[in-house]
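*Asks:*
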Amino acid sequence: MNSKQFLTLFVTIFLVTSIIPVSAAGTSRYTVTFADKVTQNLVTGVDVLLAQCQDQPCNSIYGYLQGNSGDAVSVFNIARPDSGSWWYGLYYHKQGYMPLKQTYTTTPTTGDFSQKVEFFKGDFCRAEIGNLVTENSVYANEPLVIDVPANIAADANSPFYRLNNGFPNWLPPDDPALLALKDEYYSAMTRITLQVEQLGTGQVIYTDSRDVNIFMDSTETVRFVWTPATPGNYQIHIDTDVTDSQCNQNNKVADNAYENLVVLEARPTNECYTIINNLVASNAQPQVGQTVTFSYNRISNYADNNHNLFPVQTRVTETGIVTGTQVFSQQETLAANPDAVTPRPASFTYIPTVPGDHFVTVEGFPTDPRCNGLTITPMSSIISIHVQGPSTPQCSDFIDNDGDGEIDYPADFGCTSPEDNNETNNGPTQCSDGIDNDGDGFIDQDDPDCTGPDDPSEFPDPASVVVLPNPATITVGQTQQFTATGGTSYAWSISQGTAFCTVNQNGLLTGIAAGNCVVQARDIPTNGVNQPPVIAGLPDQTLNEDTSRDNAFNLNDFSSDPDNVDSQLNYVLAVTTSNQCGVVVDSGKNVDLTPQNNFNGFCDVTVTVRDPSGLSSSDVFRVIVVPVNDNPNFDPLANPIPDQTWTQGTSRNNAFDLDNFFVDVDGDVLTYTYWLRECCFFYSGRFFFWC
24 MNSKQFLTLF VTIFLVTSII PVSAAGTSRY TVTFADKVTQ NLVTGVDVLL
74 AQCQDQPCNS IYGYLQGNSG DAVSVFNIAR PDSGSWWYGL YYHKQGYMPL
124 KQTYTTTPTT GDFSQKVEFF KGDFCRAEIG NLVTENSVYA NEPLVIDVPA
174 NIAADANSPF YRLNNGFPNW LPPDDPALLA LKDEYYSAMT RITLQVEQLG
224 TGQVIYTDSR DVNIFMDSTE TVRFVWTPAT PGNYQIHIDT DVTDSQCNQN
274 NKVADNAYEN LVVLEARPTN ECYTIINNLV ASNAQPQVGQ TVTFSYNRIS
324 NYADNNHNLF PVQTRVTETG IVTGTQVFSQ QETLAANPDA VTPRPASFTY
374 IPTVPGDHFV TVEGFPTDPR CNGLTITPMS SIISIHVQGP STPQCSDFID
424 NDGDGEIDYP ADFGCTSPED NNETNNGPTQ CSDGIDNDGD GFIDQDDPDC
474 TGPDDPSEFP DPASVVVLPN PATITVGQTQ QFTATGGTSY AWSISQGTAF
524 CTVNQNGLLT GIAAGNCVVQ ARDIPTNGVN QPPVIAGLPD QTLNEDTSRD
574 NAFNLNDFSS DPDNVDSQLN YVLAVTTSNQ CGVVVDSGKN VDLTPQNNFN
624 GFCDVTVTVR DPSGLSSSDV FRVIVVPVND NPNFDPLANP IPDQTWTQGT
674 SRNNAFDLDN FFVDVDGDVL TYTYWLRECC FFYSGRFFFW C
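My numbering puts the first residue of the sequence shown at 24, with every later residue one more than the last.
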């Protein structure tokens with residue numbers, strides 16, 4: 024067990040809260056410090072809910088206390104039983120962060136304890152959209168016509184899920200005092216926007232939006248009304264944007280759905296039409312190889328000269344496109360609807376073989392001998408699904424699978440590598456076995472007496488390292504030399520407030536910004552033999568797509584060796600998850616980042632430090648490359664659009680597909696603007712029909 028002692032450079036005021044059930048043997052004092060997980064800045068104004076639980080997971084409770092300390096440190100007096108165990112749950116709420124939960128157990132011998140709680144924002148928040156419906160408000164299941172309102176509705180799913188956001192199991196549905204907590208912390212503010220675009224010109228002729236607060240694990244139906252004024256081809260576009268401050272706005276994910284349709288001058292006569300609505304996927308975020316079922320409603324009719332409608336068959340084309348490449352296509356002819364006003368449900372399955380955003384299109388055409396020579400009014404519907412890589416391991420799937428507030432490798436100590444498929448702590452030591460061995464209410468990496476998963480004991484060490492001076496005050500740009508006693512050799516680090524201070528492995532601290540920080544000296548016993556070097560605290564890096572970063576940090580600042588100087592240490596990098604981040608170490612031991620062009624995503628980098636005798640240790644940091652929208656690409660020399668020639672009085676359908684000539688590296692759906700010169704045609708979806 025390594026000794027540890029912290030020098031605190033900030034002053035705090037305590038809020039003391041007590042919860043004492045019947046037959047308590049006494050209380051244990053629990054001190055909690057609140058901080059931002061990324062910046063390590065102290066967090067104030069935390070709303071705390073302390074509950075006594077009826078079971079260890081805290082699925083149900085006996086009662087609770089609620090309060091707001093206003094300070095960065097709170098103290099709770101927790102009752103201990105005469106015998107056996109009592110269970111408690113602590114729920115932490117802070118505006119702009121995801122809610123947090125802790126459960127712990129007290130026994131007759133539980134002592135005082137303390138811990139730091141780190142708040143974080145949700146990553147990759149996405150409100151999935153589906154079930155888009157566009158309807159004629161007057162004539163059911165007929166095409167849209169000018170001057171008649173169109174009813175447009177879509178379902179938006181909450182980006183907050185109990186499983187992958189680590190939400191508490193217990194939520195009080197009938198307690199009015201806590202309803203505000205549900206709306207504020209367990210619901211996601213999301214903007215749903217309708218955009219109507221005139222196909223061919225690219226002109227947006229109508230927009231509207233709604234802001235809705237969607238409770239976790241639920242769906243919100245949003246409705247719009249648009250009255251078309253001009254006949255023609257249009258695209259109905261619905262997209263979602265998670266605007267909630269609890270989500271990281273730098274890496275949130277938009278979702279969208281489309282319908283391509285025709286607006287008529289008047290009710291259909293002497294023509295055939297198809298309407299496609301309610302397209303939805305059984306799983307909007309499948310893995311490669313998983314079967315996804317798409318279902319929708321469709322109706323096709325023949326309209327005679329007197330507006331009488333007769334059901335006809337539908338020829339349906341179903342396609343899937345990833346980054347501009349078609350990966351799936353099939354066509355089938357479906358039976359006619361039972362009558363002229365009742366849609367017939369349909370479905371098909373699709374097994375994605377590559378990861379990424381897949382845009383799935385269902386396009387329907389009426390087909391019947393009575394339609395020959397008549398005007399044909401088709402319709403298509405488009406939704407997107409996000410396909411994850413094959414069998415994404417728990418330790419790299421962006422999900423808190425074990426509900427401990429930590430996600431993936433290396434943040435979750437239950438993960439041994441990005442390929443580990445189990446985040447649960449089940450290691451061989453007390454600090455990695457998933458058990459509260461010392462009965463202080465904290466398990467493994469949450470226990471303040473654990474230095475890491477390899478620490479053999481959760482119990483506090485009787486010896487302590489003394490760091491001086493304590494406290495200390497310096498100005499920005501000044502340095503302060505700290506010394507440590509009580510051990511043999513020390514690893515120095517900043518455990519809180521890394522935005523304000525740095526410290527080298529000799530204990531020399533430098534103030535870089537005004538604020539509070541905590542410097543830590545950890546004892547590294549030598550026992551008279553060569554000890555391996557230590558590397559820890561490597562900072563994650565975030566940069567935009569198509570940018571680079573030189574001298575991101577120096578590896579010597581995060582490593583130490585009691586037996587060798589910095590110049591004797593050698594560093595080796597191993598990049599997992601993706602090899603496109605361009606991570607190298609230069610001659611000065613600085614880390615440089617040069618991601619490949621158009622790459623976005625993340626790479627986990629393992630840095631191994633070795634001394635001259637071959638002893639080593641490793642640490643991991645993550646490089647996150649944030650996507651930036653790129654312009655579409657067209658090469659008129661390498662891939663020109665072909666000229667078209669045909670005999671007068673004849674026609675040519677599907678002359679060419681523009682998506683074969685224009686490429687968007689981001690996989691966005693492309694829309695096109697065109698100019699006419701002595702010819703005519705009409706446009707449907709992304710195909711041209713010449714006349």
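Built from N, CA and C at the ideal position, the CB exists for glycine as well.
What does a CB cutoff of less than 6 Å around N574 pick up in its chain, not counting 5 residues either side in sequence?
*Replies:* Excluding residues within five positions, the ones whose Cβ falls inside 6 Å are N613.
*Asks:* DSSP puts G255 in a beta bridge; with which residues?
*Replies:* G255 is bridged to V286.
*Asks:* With respect to the alpha helix (DSSP H) encompassing K60, which residues constitute its N-terminal and C-terminal limits?
*Replies:* No alpha helix (DSSP H) holds K60; DSSP gives it neither H nor E.
*Asks:* T600 and S571 look like a contact to me (Cβ under 8 Å); what is the Cβ gap, rounded to whole Å?
*Replies:* In fact, because the Cβ distance is near 19 Å, the residues do not count as touching under 8 Å.
*Asks:* Suppose the cutoff is 8 Å on Cβ atoms and the five residues either side in sequence are ignored; what does the same chain contact list for S160 look like?
*Replies:* For S160, where only same-chain residues beyond five positions count, the Cβ hits under 8 Å are V171, P172, A173, N174 and V248.
*Asks:* I'd like the list of long-range same chain contacts for N188, defined as Cβ closer than 8 Å, with 5 residues on each side in sequence excluded.
*Replies:* Annotation note: pLDDT 43 at N188 (below 50); position unreliable, coordinate value reported separately. The answer, listed in chain order, is M121, G145, M239 and D423.
*Asks:* If contacts are defined as beta-carbon pairs under 8 Å, then A522 and Q226 qualify, I think. What distance do you get, rounded to the angstrom?
*Replies:* That pair is no contact at about 47 Å.
*Asks:* Using only CA atoms, which one of A358, T263, P375 and V377 lies nearest to P368?
*Replies:* Measuring from the Cα of P368, the nearest candidate turns out to be A358.
*Asks:* In this structure, how does DSSP classify F581 when only helix, strand and coil are distinguished?
*Replies:* Reduced to three states, the DSSP call for F581 is helix.
*Asks:* Which residues share a DSSP beta bridge with M239?
*Replies:* According to DSSP, which records beta bridges pairwise, M239 is partnered with nothing at all.
*Asks:* Can you tell me where the beta strand (DSSP E) with A597 in it begins and where it stops?
*Replies:* First-last of the beta strand (DSSP E) with A597: N593 to T599.
*Asks:* Pull up the CB-CB distance for S232 and T216, whole angstroms please, since I reckon it's below 8 Å.
*Replies:* So it is a contact: roughly 4 Å between Cβ atoms.
*Asks:* Helix, strand or coil: how does DSSP classify C418 here?
*Replies:* If DSSP states are grouped into helix, strand and coil, C418 belongs with the helices.
*Asks:* Starting from D206 and walking both ways along the alpha helix (DSSP H), at which residues does that stretch end?
*Replies:* Taken as a continuous stretch (DSSP letters only), the alpha helix (DSSP H) holding D206 covers L202 to Y208.
*Asks:* When DSSP builds the beta bridges, which residues end up paired with T260?
*Replies:* Note that residue 260 is His in the sequence shown, not Thr. The partner list for H260 (beta bridge, DSSP) reads Q218 and Y281.
*Asks:* Identify the continuous beta strand (DSSP E) that holds V588 and give its terminal residues.
*Replies:* No beta strand (DSSP E) holds V588; DSSP gives it neither H nor E.
*Asks:* Starting from C524, follow its DSSP beta bridges and name the residues at the other end.
*Replies:* C524 is bridged to G534.
*Asks:* Ordered along the chain, which non-local residues of its own chain (more than five positions away) have a Cβ less than 7 Å from that of N579?
*Replies:* D589 and K612.
*Asks:* Can you tell me whether P433 is helix, strand or coil according to DSSP?
*Replies:* If DSSP states are grouped into helix, strand and coil, P433 belongs with coil.
*Asks:* Quick one: what's got a C-beta closer than 7 Å to A280's C-beta in the same chain, skipping five residues either side?
*Replies:* Counting only Cβ-Cβ distances below 7 Å, and skipping sequence neighbours, we find I152, G153, L155, A177, I261, I405 and I406.
*Asks:* Would you mind stating whether C604 and V648 have Cβ atoms separated by less than 8 Å?
*Replies:* Yes; because the gap between Cβ atoms is below 8 Å, this pair is in contact.
*Asks:* Taking the alpha-carbon positions, what's the T696 to G343 distance?
*Replies:* Each residue's Cα considered, the two are about 23 Å apart.
*Asks:* Would T337 be called buried (16 or more neighbouring beta carbons within 10 Å of its own) or exposed?
*Replies:* Result: buried.
*Asks:* Can you look up N574 in the DSSP assignment and give me helix, strand or coil?
*Replies:* In the structure shown, N574 sits in a strand (DSSP, three-state: E or B).
*Asks:* Determine the closest residue to H409 out of C148, G86, Y85 and P659, with distance taken between C-alpha atoms.
*Replies:* Among C148, G86, Y85 and P659, the Cα nearest to that of H409 belongs to C148.
*Asks:* Which residue from V630, V632, D609 and N602 puts its Cα closest to that of Q619?
*Replies:* Nearest option by C-alpha distance: N602.
*Asks:* If I measure Cβ to Cβ from Y432 and keep anything under 8 Å in the same chain, skipping five residues before and after, which residues do I get?
*Replies:* These residues qualify, in order along the chain: C418, S419, C438, T439, S440, P441, D443, D627 and V643.
*Asks:* Looking at the strands, I want to know which residues DSSP matches up with L155.
*Replies:* Its beta-bridge partners are L302.
*Asks:* By a C-beta neighbour count over all protein chains shown, 10 Å radius and 16 as the cutoff for buried, is P291 buried or exposed?
*Replies:* Buried, because 16 or more other Cβ atoms sit within 10 Å of the Cβ of P291.
*Asks:* Could you give the C-beta distance for V168 and A289, rounded to a whole number, given that I count them as a contact under 8 Å?
*Replies:* Yes, V168 and A289 are in contact; Cβ-Cβ is about 6 Å, under 8 Å.
*Asks:* Is S323 near N293, with beta carbons less than 8 Å apart?
*Replies:* No. Outside cutoff.
*Asks:* Could you check where the beta strand (DSSP E) with M121 kicks off and where it finishes?
*Replies:* First-last for M121: undefined, no H or E at that position.
*Asks:* The ligand MN and Y114: does the residue's C-beta get closer than 7 Å to at least one heavy atom of that ligand?
*Replies:* This structure lacks the ligand MN, and indeed carries no ligand of any kind.
*Asks:* Can you tell me which of the three DSSP states P392 falls into?
*Replies:* Residue state, collapsed to three classes: helix.
*Asks:* Helix or strand or just coil, what does DSSP make of D666?
*Replies:* In this structure, D666 counts as coil in the three-state DSSP scheme.
*Asks:* Under DSSP, the beta strand (DSSP E) around E141 begins and ends at which residues?
*Replies:* E141 -> beta strand (DSSP E) spans F136 to F142.
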